[in-house]
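Peer 1: Pasting a structure here, questions to come.
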Amino acid sequence: MVLDRCLLKQKGELRRIVCHELMHFVWMRLGNGARRAWEGVLAAEWKARARGELGWSAEWRKAGLGERDVAGRSRKWREYACESFCATGAGLFAGGGEHEEYTLGARFRKRRGGWMEELVGHQRGGLRI
C-alpha cells in the first residue's frame, strides 16, 4: 500500500483510507457464508433500488452492474460486494462521521452498520481481526 504524503495533513481521510484497505484483509479472512450474507444485504438494497454508496470505489462498481450481474453473482458483482464491504467498514470503524463520498441513504447505512456490528460480535471468538 502506498499513501500520498499529503494525507499526513488530513488525519481523518488517512484513517478512512487505511481502514478501507485493512478491511480488504478482513474480507479475505471471512468465510463464504459471511460473504454470501453480505451479498444478501446488497441484493436487498439492489431490489429496493437504493442509490449511492459509502465510497467511490464501491460507487463506480455499483454503477456498472446490471440485473444479470446480481442474479448470476458475476465477477463484477463479487468485486462490488468486496468494495462495498470495505467502504462500509471504513465508514463505520474509522469514526469519521460524514463524508462527501457517503451517498447511501440513511436506512441502508443503518442496516449495513447493524450487520457489521453483528459480524464483529460473532467473530470475536473465532476470526482474529
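Numbering (our numbering), first residue to last: 68 to 196. Glycine included, each C-beta is placed from N, C-alpha and C at the ideal position.
1. Just to confirm, is the Cβ distance from H87 to A154 under 8 Å?
2. Within a Cβ cutoff of 6 Å, which residues of the same chain sit near L171, ignoring the five residues on either side of it in sequence?
3. Assuming R83 and A157 make a contact with CB atoms under 8 Å, what is their CB distance in whole Å?
4. Please report the Cβ distance between R102 and A130, rounded to the nearest whole angstrom; I am assuming they are in contact, meaning their Cβ atoms lie under 8 Å.
5. Using DSSP bridges, identify the partner residues of Y169.
6. Judging by CA-CA distance, which residue of L186, E126, W94 is the nearest neighbour of Y169?
7. Between the C-alpha atoms of G193 and R96, what's the straight-line distance to the nearest angstrom?
Peer 2: If we stick to the structure as given:
1. yes
2. G119, E120, L121
3. 5 Å
4. Not a contact, Cβ separation roughly 22 Å.
5. L121
6. E126
7. Residue placement at G193 cannot be trusted, given a pLDDT of 45 that sits under 50; the coordinates are not used to answer.
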